[in-house]
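*Asks:*
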Amino acid sequence: MNSATYKNEKHKNRMKIPSKSMNGGHILANALVRQGVDIAFGVPGESFLPLLNGLVDHPDFRFITCRQEGGAAYMAEAYAKLTGHPGVLMVTRGPGASNAMIGMHTAYQDATPMVLLVGQVGTDMVERDAFQEIDYRRMYSECAKWVGSIDRVDRIDEFVSHAFHVAQAGRKGPVVLALPEDMLYLPGQENPVKPAHIIQPGLDVNQFNLAMKIFTSAHNPMVIAGGGNWNSKACEDLRRWANREGVPVATSFRAQDVIDNLDSAFAGDLGIGANPSLVKRIGDADVLLVIGERLGEMTTAGYTLFSVPQAKNTLIHVLSGSEDLGRVYRPDFAINCSPENFCEALKNIKMGDQYDRAAMNAAHADYLAFASPVTVPGDLQLAHIMSSLPNSIPRDAIVTNGAGNFATWVHRFYPYGPYKTQLAPANGSMGYGLPAAIAAKITNPEKVVIAVCGDGDFMMNCQELATAARYDAFPIILVVNNNMLGTIRMHQEREFKSRVIATGLTNPDFVKFADSFGMPGYRVTKTEEFAPVFARALASKKGALIELVLDQDVISPSKLLSQLGQ
641 MNSATYKNEK HKNRMKIPSK SMNGGHILAN ALVRQGVDIA FGVPGESFLP LLNGLVDHPD
701 FRFITCRQEG GAAYMAEAYA KLTGHPGVLM VTRGPGASNA MIGMHTAYQD ATPMVLLVGQ
761 VGTDMVERDA FQEIDYRRMY SECAKWVGSI DRVDRIDEFV SHAFHVAQAG RKGPVVLALP
821 EDMLYLPGQE NPVKPAHIIQ PGLDVNQFNL AMKIFTSAHN PMVIAGGGNW NSKACEDLRR
881 WANREGVPVA TSFRAQDVID NLDSAFAGDL GIGANPSLVK RIGDADVLLV IGERLGEMTT
941 AGYTLFSVPQ AKNTLIHVLS GSEDLGRVYR PDFAINCSPE NFCEALKNIK MGDQYDRAAM
1001 NAAHADYLAF ASPVTVPGDL QLAHIMSSLP NSIPRDAIVT NGAGNFATWV HRFYPYGPYK
1061 TQLAPANGSM GYGLPAAIAA KITNPEKVVI AVCGDGDFMM NCQELATAAR YDAFPIILVV
1121 NNNMLGTIRM HQEREFKSRV IATGLTNPDF VKFADSFGMP GYRVTKTEEF APVFARALAS
1181 KKGALIELVL DQDVISPSKL LSQLGQ
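Sequential numbering of the sequence shown, starting at 641, is according to the numbering used here.
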């Protein structure tokens, strides 16, 4: 019997199911819908056909067919950030699972709830190195909160409930459910389970009172907010309290929308190219209240912002995940609590009379000065373009980006609006901006969505423009084109002056590329050309791609490429 005949016979045997019975695929589809899932992102594969077949019975369920699993993973992650619901990703085994890894890593470092459903070889073939077989427990061990395999039909509902509980508990994050192919075809009975609880740690009142006694007695207090697990209520409670008490709030790397950047309490963001005055202000703080942020490498400038393991500042560290409390920095007060529960209590706290509330306005003024556009050599001024965007878009516009030097310009000069207006990967993953923007348009079709991409960054997932076209979910895309991998080139010039290799890029005609997907495309080489082009993009029902041609020497807002290494 040849392989094709064997496969056909095996398929026929699996389909010999009593007509009144449900197979594993139908049971799994129903279990997902009971968890409130009505949308999934992915690339279909033969390893989970019965699940797809089961979803046909739910006409309101949307399967967003993407063009590569990496793009699908980013879309699921962005959807979860915007909605607060776990992003569901479906991919096939082996190569599909490998492609999805990039989005799982992003979700893990960004504390984003996701559920990955991945096809697997049948239980009769496990450990034979069968076609496309991978041990997912080992594969995803470093970027998932839990990895399970549903080997029995009668345990589908149990495993799905477990997965949705784990993804949303404590420090949120991604989980993986492997789906052995034979299990999906087997008949069985449902064991219906209600939607998962969202389990978040509450507040230790005694520890809170002790910490707040120290904080309210401080002369130079400071708040750093960011990381994952925030929601609109927590952000609003923090904003109102900070304004009332005059306490400046800085945000962590790529968490700028925890507080509207034009709010008086906003002191700026930490990360690449942070405002020196903000860095000094944090260093001078006698008490630091850190909410939701792990104090990772990017936020702490390579763990140099504070001394390790004991910061000289008095440190109050609030995290949903207890595993990260004391991981690098030994806080004076370690509070295992969600941002929502903590900020609910914080809003009742009043600062002492010794505190000068003018510090908040001074910190915000420092931010505004740093965010004022700078002028660099050349005809295209990115700082002026980024700072001009709020003049023509709503405050709730969603701005996305991937990774690269171009992102420095948007983070510094574009003032983000309130919560859920920034989608950016804290793990610094290239290729994120475009898929995230498409997911944002699918989720919020009425909103203005702008993806800011570098040329190398954009080309990582440019094929997802086909997904945008299929679902009529076109964002506005700004492609900063300098024909090189700018971040790597910058490091090369700094470390090994003029010894350049592997960083040059050959790009397509971006205007024609956009046109091939039914999008208007524009090329901008001078600052004054941008405003009229952007106005046309806003009026377009098909979004637009705007190529911003940047001189290679303009590597950052503060340094030219030719000046590095001098």
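Beta carbons are placed, not taken as given, at the ideal position from N, Cα and C, and that holds for glycine.
Using CA coordinates, which residue listed in T723, G727, E885 is at the minimum distance from L714?
*Replies:* Locating residue 714 in the sequence shown gives position 74, where the first residue counts as 1. A small fix is needed here, since residue 714 is Tyr in this sequence, not Leu. Taking only the C-alpha atoms, the option nearest Y714 is G727.
*Asks:* Quick one: what does DSSP say I899 is sitting in, helix, strand or coil?
*Replies:* Indexing the sequence shown from 1 puts residue 899 at position 259. It is coil, neither helix nor strand.
*Asks:* So, helix, strand or coil for L965, using DSSP?
*Replies:* Here the question's residue 965 lines up with position 325 in the sequence shown. Correct three-state label for L965: coil.
*Asks:* For Y1054, write down the residues that DSSP places opposite it in a beta bridge.
*Replies:* Reading the sequence shown from its first residue, position 414 is the one you call residue 1054. Per DSSP, none; premise fails for Y1054.
*Asks:* Take I1078 as the anchor and find which of G711, K1166, R879, G966 has the nearest alpha-carbon.
*Replies:* Locating residue 1078 in the sequence shown gives position 438, where the first residue counts as 1. Minimum Cα distance to I1078 is reached at G711.
*Asks:* So what does H957 bridge to, in DSSP terms?
*Replies:* Within the sequence shown, residue 957 is the residue found at index 317, counting from 1. V930, A974.
*Asks:* Have a look at Q1192 and R921 and give me their C-alpha separation to the nearest angstrom.
*Replies:* To locate residue 1192, count along the sequence shown from 1; it is residue 552. To locate residue 921, count along the sequence shown from 1; it is residue 281. Their Cα atoms are separated by approximately 34 Å.
*Asks:* Span of the alpha helix (DSSP H) holding I796?
*Replies:* For the purposes of this step, residue 796 is identified with residue 156 of the sequence shown, where counting begins at 1. 796 to 808 is the span of the alpha helix (DSSP H), which, as asked, contains I796.
*Asks:* G866 and E933 look like a contact to me (Cβ under 8 Å); what is the Cβ gap, rounded to whole Å?
*Replies:* Working through the sequence shown from its first residue, we reach residue 866 at position 226. Working through the sequence shown from its first residue, we reach residue 933 at position 293. With a Cβ gap of about 4 Å, G866 and E933 count as contacting.
*Asks:* By Cβ distance below 6 Å, which residues in the same chain neighbour S1202 in space, the five residues on each side in sequence not counted?
*Replies:* One-based indexing of the sequence shown puts residue 1202 at position 562. D1193.
*Asks:* Throw me the rounded Cβ distance for the Q749 and Q896 pair, which I believe falls under 8 Å.
*Replies:* Counting from 1 along the sequence shown, the entry for residue 749 is found at position 109. Counting from 1 along the sequence shown, the entry for residue 896 is found at position 256. With a Cβ gap of about 17 Å, Q749 and Q896 do not count as contacting.
*Asks:* Should the region 799 to 817 be called in touch with the region 678 to 693, which here means at least 3 C-beta pairs below 8 Å?
*Replies:* The answer is no - the region 678 to 693 does not touch the region 799 to 817, with fewer than three Cβ pairs under 8 Å.
*Asks:* Verify the contact flag: P916, CB atom, against every heavy atom of the ligand SAM, threshold strictly below 7 Å.
*Replies:* Absent from the structure shown: the ligand SAM. Ligands present: none.
*Asks:* Starting from Q749, trace the alpha helix (DSSP H) both ways and give me its first and last residue.
*Replies:* If you number the sequence shown from 1, residue 749 lands on position 109. Start and end: 735 to 750.
*Asks:* Could you spell out where the alpha helix (DSSP H) holding T705 opens and where it closes?
*Replies:* As a working mapping, residue 705 is identified with position 65 in the sequence shown. T705 -> not in any alpha helix (DSSP H); beta strand (DSSP E) instead, spanning 702 to 705.
*Asks:* Could you check which residue in D1095, L1125, V1092, P1115 has the C-alpha nearest to that of E1086?
*Replies:* The count along the sequence shown starts at 1 and reaches residue 1086 at position 446. Selected option, being the one with the closest Cα: P1115.
*Asks:* Give me the Cα-Cα distance between K873 and N831, rounded to the nearest whole angstrom.
*Replies:* The sequence position of residue 873 within the sequence shown is 233, counting from 1. The sequence position of residue 831 within the sequence shown is 191, counting from 1. Straight-line Cα distance between these residues: approximately 35 Å.
*Asks:* Report the rounded CA-to-CA distance for E686 versus Q808, giving the unit in angstroms.
*Replies:* For the purposes of this step, residue 686 is identified with residue 46 of the sequence shown, where counting begins at 1. For the purposes of this step, residue 808 is identified with residue 168 of the sequence shown, where counting begins at 1. One C-alpha to the other measures close to 29 Å.
*Asks:* Within 10 angstroms of its Cβ, does P949 collect 16 or more other Cβ (buried), or is it exposed?
*Replies:* For the purposes of this step, residue 949 is taken as residue 309 along the sequence shown, with counting starting at 1. Exposed is the call here.
*Asks:* Name the one or two DSSP bridge partners that V683 has.
*Replies:* Position 43 of the sequence shown, counted from the first residue, corresponds to residue 683. None, per the DSSP bridge assignment.
*Asks:* What is the DSSP secondary structure of V887, reduced to helix, strand or coil?
*Replies:* Translated into positions along the sequence shown, residue 887 becomes position 247. In the structure shown, V887 sits in coil (DSSP, three-state: anything other than H, G, I, E or B).
*Asks:* For F592, I'd like the list of residues in its chain whose CB is within less than 7 Å of its CB, leaving aside the five on either flank, ordered along the chain.
*Replies:* No answer is possible for residue 592: it lies beyond the span of the chain, which begins at 641 and ends at 1206.
*Asks:* Tell whether a beta-carbon distance below 8 Å holds between K956 and F855.
*Replies:* One-based indexing of the sequence shown puts residue 956 at position 316. One-based indexing of the sequence shown puts residue 855 at position 215. In the sequence on display, residue 956 carries Ile and not Lys. The answer is yes: Cβ separation under 8 Å.
*Asks:* Judging by CA-CA distance, which residue of T1048, A1047, T1040, R707 is the nearest neighbour of A1080?
*Replies:* Indexing the sequence shown from 1 puts residue 1080 at position 440. Of the candidates T1048, A1047, T1040, R707, the one whose C-alpha sits nearest the C-alpha of A1080 is T1040.
*Asks:* Mark Q980 as exposed unless 16 or more other C-beta atoms lie within 10 angstroms of its C-beta, in which case mark it buried.
*Replies:* For the purposes of this step, residue 980 is identified with residue 340 of the sequence shown, where counting begins at 1. Sequence check: residue 980 is Glu here, not Gln. The residue in question, E980, is buried, as its Cβ has 16 or more Cβ neighbours within 10 Å.
*Asks:* Can you give the Cα-Cα distance for V1088 and H1004, rounded to whole angstroms?
*Replies:* Taking the first residue of the sequence shown as 1, we reach residue 1088 at position 448. Taking the first residue of the sequence shown as 1, we reach residue 1004 at position 364. If I take the Cα positions, the gap works out to 27 Å.
*Asks:* Determine the contact status of V1164 and V1140, defining contact as a CB-CB distance below 8 Å.
*Replies:* Locating residue 1164 in the sequence shown gives position 524, counting from the first residue. Locating residue 1140 in the sequence shown gives position 500, counting from the first residue. Cβ distance not < 8 Å, so V1164 and V1140 don't count as in contact.
*Asks:* Can you give, in chain order, each stretch of the beta strand (DSSP E) that sits fully within the region 1015 to 1099 and has at least 3 residues?
*Replies:* 1038 to 1041, 1089 to 1094, all fully within the region 1015 to 1099.
*Asks:* Say whether the region 833 to 853 touches the region 688 to 708, bearing in mind that this needs 3 or more beta-carbon pairs closer than 8 Å, one atom from each stretch.
*Replies:* Not touching, per the Cβ criterion.
*Asks:* By the DSSP assignment, the alpha helix (DSSP H) with Y719 in it spans what residues?
*Replies:* Residue mapping note: residue 719 aligns to position 79 of the sequence shown, counting from 1. Run containing Y719: 709 to 723, per the alpha helix (DSSP H) assignment.
*Asks:* Going by CA-CA distance only, name the one from A1179, A1109, M1124 that's closest to F1153.
*Replies:* Taking the sequence shown and counting its residues from 1, the one referred to as residue 1153 is at position 513. Nearest option by C-alpha distance: A1109.
*Asks:* What runs of the beta strand (DSSP E), each 3 residues or longer, lie entirely inside the region 1151 to 1204?
*Replies:* You should have 1161 to 1164, 1184 to 1189.
*Asks:* In terms of DSSP beta bridges, what is G1118 paired with?
*Replies:* Start at 1 with the first residue of the sequence shown, and residue 1118 comes out as number 478. The identity of residue 1118 in the sequence shown is Leu, whereas the question assumes Gly. Per DSSP, V1092, I1186.
*Asks:* With distance defined between alpha-carbon atoms, name the residue in D1149, L826, T1167, A1171 nearest to G1161.
*Replies:* The count along the sequence shown starts at 1 and reaches residue 1161 at position 521. Comparing Cα-Cα distances from G1161 to each of D1149, L826, T1167, A1171, the minimum goes to D1149.
*Asks:* In this structure, does DSSP put Q760 in helix, strand or coil?
*Replies:* As a first step, residue 760 is located in the sequence shown; it is residue number 120 there, counting from the start. Strand.
*Asks:* Which same chain residues end up closer than 6 Å to L986 when comparing Cβ atoms and leaving out the 5 residues on each side of it in sequence?
*Replies:* On the sequence shown, position 346 is the one that residue 986 refers to. Result list for L986: W881, in chain order.
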